[in-house]
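Have a look at the structure below before the remarks.
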Amino acid sequence: MPDNNKLKYLFVCFAGINRSLTAASVAKKMAAERGVRLEADFFGIASLNRQSKTEVRNRCESYDLIFVMEDYIQEKLVRYYYVDPAKIHCFNIPDDYDVRRRIDRMLLEATLEQELRDWIR
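Just add 1 to wherever you are in the sequence shown, counting from 1, and you've got the working numbering.
If you want it as structure tokens, here you go:
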């Protein structure tokens, strides 16, 4: 039985190792601090070539909202995988962060907190 009181967010970047992973982590932390029930997951658009269009579309449809890091990711999800554009929000966060560097990780987390503040209440 689905949990209608839980938000389900999907975060997507290019490789799924820096921005979307960090975004899912920040979202979970913010939700916990605010007492919001949230399921957050992530992946990289580069890995989609190994999945069928139906698999990708079904995965995306199972989330309330999809947060992408750049416009081209949104375009690919809509054009090639027929994901509803109304479910997608673009953060416009370029792939300039290396989360292995503490300062980059802190800057990315701060940027994501600003972007997510209106989506996690």
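No residue lacks a Cβ here, since even glycine has one placed at the ideal position from N, Cα and C.
By how many angstroms is the C-alpha of R20 removed from the C-alpha of D85? 22 Å
Return yes when at least one heavy atom of the ligand ATP lies under 7 Å from the C-beta of Y82, else no. Because no ligand of any kind appears in the structure shown, any question about the ligand ATP cannot be addressed here.
Please state whether DSSP places Y98 in a helix, a strand or coil. coil
Take Y10 and list the residues in its own chain whose beta-carbon comes closer than 7 Å to its own, dropping the five residues that flank it on each side. A28, L39, A41, Y64, D65, L66, F68
Closest by CA to H90, which one among D119, R101, K54? D119
Compare the C-beta of F43 with all C-beta atoms of chain D and state if any pair is closer than 8 Å. Within the model displayed, chain D is absent; a lone protein chain is all it includes.
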